[in-house]
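Asker: For the sequence shown, the working numbering assigns the number 68 to the initial residue and increments by one for each residue that follows.
From the three backbone atoms N, C-alpha and C, an ideal C-beta is built for every residue, glycine too.
The structure displayed is predicted, hence computed values, not measured ones.
Below are the structure tokens for one structure; questions will follow.
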Amino acid sequence: MERHRPTLRLLETTGGFLAWGAQFTIVYMAVSVACSRGWGGQKLLGLPALPAVIVLATLAALAAAATLLLLGLKRRKGSGLTASQDFLNNVTILVSALSLVAIVYNALPGLLLPSCS
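Now the structure itself:
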């Protein structure tokens, strides 16, 4: 049986949404600043800077959400969870899975469409 840590449990449960929100903010902030300042064609280590920022932010968010999803699935296999702990674990799994979809959905326009037209 796991120890009751409400703050940590809240971060686990909402962590997928936090990862998606951070990725959303980084991607749209980078595109807005780059396009408004005329930096759309800049290079970073020989690669186009804007798609590189989008890919890095997306990979970091996907890693965070996938880690939480795997943690929830691993915890589900273990026994000894109370009804409320099991419910929160299922919410963590659902939120993390939905966040993975949202993160990919958010990254696609930045990678498939021209950034600054």
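Write down every uninterrupted run of the beta strand (DSSP E) in the stretch 102–179 whose length is 3 residues or greater and which is fully enclosed by it, in chain order.
Answerer: none
Asker: Short check: CB of F84 to CB of S182, under 7 Å?
Answerer: Counting from one through the sequence shown, the residue named residue 84 turns up at place 17. Counting from one through the sequence shown, the residue named residue 182 turns up at place 115. Result no, Cβ atoms of F84 and S182 do not sit closer than 7 Å.
Asker: DSSP on P181, reduced to helix/strand/coil?
Answerer: Within the sequence shown, residue 181 is the residue found at index 114, counting from 1. If DSSP states are grouped into helix, strand and coil, P181 belongs with coil.
Asker: Measuring CA to CA, which of I121, L117, W106, T134 is closest to Y172?
Answerer: Walking along the sequence shown from the start, residue 172 turns up at place 105. Measuring C-alpha to C-alpha distances from Y172 to each of I121, L117, W106, T134 identifies I121 as the nearest.
Asker: Could you round the C-beta distance between N156 and R142 to whole angstroms and report it? I think they count as a contact, below 8 Å.
Answerer: Position 89 of the sequence shown holds residue 156. Position 75 of the sequence shown holds residue 142. Confirmed, about 5 Å.
Asker: With H, G and I counted as helix, E and B as strand and the rest as coil, what does DSSP make of R72?
Answerer: The sequence position of residue 72 within the sequence shown is 5, counting from 1. R72: coil per DSSP, three-state reduction.
Asker: Among residues of its own chain, excluding the 5 on either side of T92, which ones have a beta-carbon nearer than 8 Å to its beta-carbon?
Answerer: What you label residue 92 is simply residue 25 of the sequence shown in a count that begins at 1. The same chain holds no residue with a CB closer than 8 Å to that of T92 once the five nearest residues on each side in sequence are set aside.
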